[in-house]
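**Student:** Below: one structure in structure tokens.
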Amino acid sequence: MENISTTALSELLAAATKLGPATLLSSMSSWKSYVAPAALGYVLLCRTLRYRGEKKLRRDMGFPEGCGREALSHMTNDQAQQIIKYLAAWEFPLFHYLSLQFGLFKTYGVESISRLLLATRNLTDPVKSLKRYEDTAALIGEFMINPPNSERTLHAIARMNFLHSKYRQEGTITNADLLYTLSVFVTEPQRFVRLYEWRAMNDMERCAYGVFWKSIGDAMGIEYKGLLAHDTWRDGLEWADDITAWAKRYEADAMKPSVVSNKPARALIPIITYWLPWFAKPFVEEAVCLLIGDRVREAFMLPEPGIVAGATVYLTLVLRRFCLRYLALPRFFELKRLGEADPQTGRMHTAIQYGNFPYYIKPTLWNRWGPTAWAIWLYGGKVPGDNPEEYMPQGYLWTDIGPRNRMGLGVEEMEVDVKRLKARSRGGCPF
């Protein structure tokens, strides 16, 4: 046995000595001949599939490349909603969501809006602010994800109108304030996608934002006359350009450094940085100041971010854009934020929490005991099923949306508004 082992070892050593530099280089060359084509093929696959969804959406909606403004002038609200839903659930789920979040944040730079929030304490109160954030996101999600004439969309708009009605009657929120709030949902998604995503929006997608939010503004009873430059518009693109230009003028007049605006800003930043460890919070606060822009930051009286934070944030965003465009395959599954209504109770759930607490999340086995729930629990957070009186895991009815002192109110007013909206048939072209 010893002789056999010695012989085998000798043969192995002899074979190893024959592996000279030329043999090793040949092996490496052979390895490269497989890896390089595979890497190139993967990049080409990513590039091809990345734009396939955009092209298919244009064909499905009837607006192929080069279709022109005449075709876009006939875009319906039904088509616009489908386009926006696709962008939010498939193409740009992260920055579409962040753009809406930062868009709402931006409106607090207007002192009259911040003054109302401070008076109601719906944003600065440590308890009220949690529900207010989730309710706002839930309402917007309802009428963005569901078809314009669906019962869920009509009731979401009616609930929003009821919650605003008190302040409109009192004069504490003006038509200009509502128009500016409407404008950020047109301007911010396009800005965020253009600056931070893997591609910019095309004309069809930008037109969809104009059509969709013009229809929402009509349903809210917002007046454009005397504020926007025109009274009639050719299409969603022209309306979007008009409200964008007006919003810039409005910001120049109404968005000034203010201690009033500083208070809700200071209350909101901890919501954004809630899940971060203490040592990362200062850096992310600087990143927030970069993303909101100088005018809003100055209105909030927040410090100017440092050069290191700026360089780090923008380099990270550039690398992310490069990787998504050339090295990442598109999504294969839709990102769903809303659940189906319970057929027995009519209550609705959110599939993903918008903020930091599990409002309206159904406490399924996975939601309550899955790996994400364990991570949240270990961090000290709340998981679905905790504090049921506060977080309502049974889901929400429309009358549950809003401040607790207005829960259960507005049933008759909402039904009247729903009938009004149904009579207008909101699925058509608003121009």
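Going left to right, the sequence shown walks through residues 80 to 510 as this note's numbering numbers them. Where is the CB? At the ideal position from N, CA and C, for every residue including glycine.
(1) DSSP puts W475 in a beta bridge; with which residues?
(2) Within the same chain, show all residues whose beta-carbon is closer than 8 Å to that of Y187, passing over the 5 residues directly before and after it, in chain order.
(3) For chain B, find out if any of its Cβ atoms is closer than 8 Å to the Cβ of V497; answer yes or no.
(4) With distance defined between alpha-carbon atoms, name the residue in L307, L233 and F264 nearest to A502.
(5) Among R278, D297, V375 and R499, which has the Cα closest to the Cα of E170?
(6) Sort A198, T395 and Y212 by Cα distance to F184 and report the nearest one.
(7) Say whether the stretch 414-423 touches the stretch 366-380, bearing in mind that this needs 3 or more beta-carbon pairs closer than 8 Å, one atom from each stretch.
(8) Around the C-beta of G289, are 16 or more other C-beta atoms found within 10 angstroms, so that it is buried, or is it exposed?
(9) For L195, which residues does DSSP report across the bridge?
(10) Measuring only the C-alpha atoms, how far is R426 from D479?
(11) Buried or exposed, going by whether 16 or more other CB atoms sit within 10 Å of the CB of C368?
(12) Is the Cβ-Cβ distance between F264 and W292 less than 8 Å?
(13) Out of H175, S191 and K164, state which residue places its alpha-carbon closest to the alpha-carbon of E221.
(14) What is the rounded straight-line gap between the Cα of A473 and the Cα of P442?
(15) Suppose you measure from the CA of Y113 to the CA of L119; what does that come to, to the nearest Å?
(16) Excluding the 5 residues flanking P509 on each side, which residues of the same chain have their C-beta closer than 7 Å to its C-beta?
(17) Using alpha carbons as the reference points, say which of K135, A319 and Y130 lies closest to S152.
(18) Taking the runs of the alpha helix (DSSP H) that are 4 residues or longer, which of them lie wholly in the stretch 103-157?
(19) Using a Cβ-Cβ cut-off of 7 Å (strictly less than) and excluding sequence neighbours within five positions of G476, which residues of its own chain qualify?
(20) Alpha carbon to alpha carbon, how far is Y176 from L398?
**Tutor:** By the coordinates alone:
(1) Within the sequence shown, the letter at position 396 stands for residue 475. Note that residue 475 is Tyr in the sequence shown here, rather than Trp. Answer by DSSP bridge pairing, in chain order: M427.
(2) Position 108 of the sequence shown, counted from the first residue, corresponds to residue 187. Taking Y187 as the centre and dropping the five residues before and after it, the same chain places the C-beta of S193, L196, L202, S340, P343, A344, L347 and F379 closer than 8 Å to its C-beta, in chain order.
(3) No chain B appears in the structure shown, which is made up of a single protein chain.
(4) Looking up residue 502 in the sequence shown gives position 423. Minimum Cα distance to A502 is reached at L233.
(5) In the sequence shown, the residue the question calls residue 170 occupies position 91. Cα-wise, what sits closest to E170 is R278.
(6) Position 105 of the sequence shown, counting from 1, holds the residue named residue 184. The option with the nearest alpha carbon to F184 is Y212.
(7) no
(8) Working through the sequence shown from its first residue, we reach residue 289 at position 210. Looking at its Cβ environment, which holds 16 or more other Cβ atoms inside 10 Å, G289 is buried.
(9) Your numbering for residue 195 matches position 116 in the sequence shown. DSSP output for L195 lists no bridge partner at all.
(10) In the sequence shown, residue 426 corresponds to position 347, counting from 1. In the sequence shown, residue 479 corresponds to position 400, counting from 1. Cα to Cα, the separation comes out at about 10 Å.
(11) Position 289 of the sequence shown, counting from 1, holds the residue named residue 368. Result: buried.
(12) As a first step, residue 264 is located in the sequence shown; it is residue number 185 there, counting from the start. As a first step, residue 292 is located in the sequence shown; it is residue number 213 there, counting from the start. Yes.
(13) Against the sequence shown, residue 221 aligns to sequence position 142. Considering only alpha carbons, the answer is K164.
(14) Counted from its first residue, the sequence shown places residue 473 at position 394. Counted from its first residue, the sequence shown places residue 442 at position 363. It should be pointed out that residue 473 corresponds to Gln in this sequence rather than to Ala. Their Cα atoms are separated by approximately 9 Å.
(15) Mapped onto the sequence shown, residue 113 falls at position 34. Mapped onto the sequence shown, residue 119 falls at position 40. Rounded to the nearest angstrom, the two C-alpha atoms are 10 Å apart.
(16) As a first step, residue 509 must be located in the sequence shown, where it is residue number 430. These residues qualify, in order along the chain: N156, V290, K293, S294 and D297.
(17) On the sequence shown, position 73 is the one that residue 152 refers to. Minimum Cα distance to S152 is reached at A319.
(18) 148-151
(19) Sequence index remark: in the sequence shown, residue 476 carries index 397 (1-based). Sequence inspection shows Leu at residue 476; the Gly mentioned does not correspond to that position. These residues qualify, in order along the chain: G425 and R426.
(20) In the sequence shown, counting from the first residue as 1, residue 176 sits at position 97. In the sequence shown, counting from the first residue as 1, residue 398 sits at position 319. Taking the straight line from one Cα to the other gives about 20 Å.
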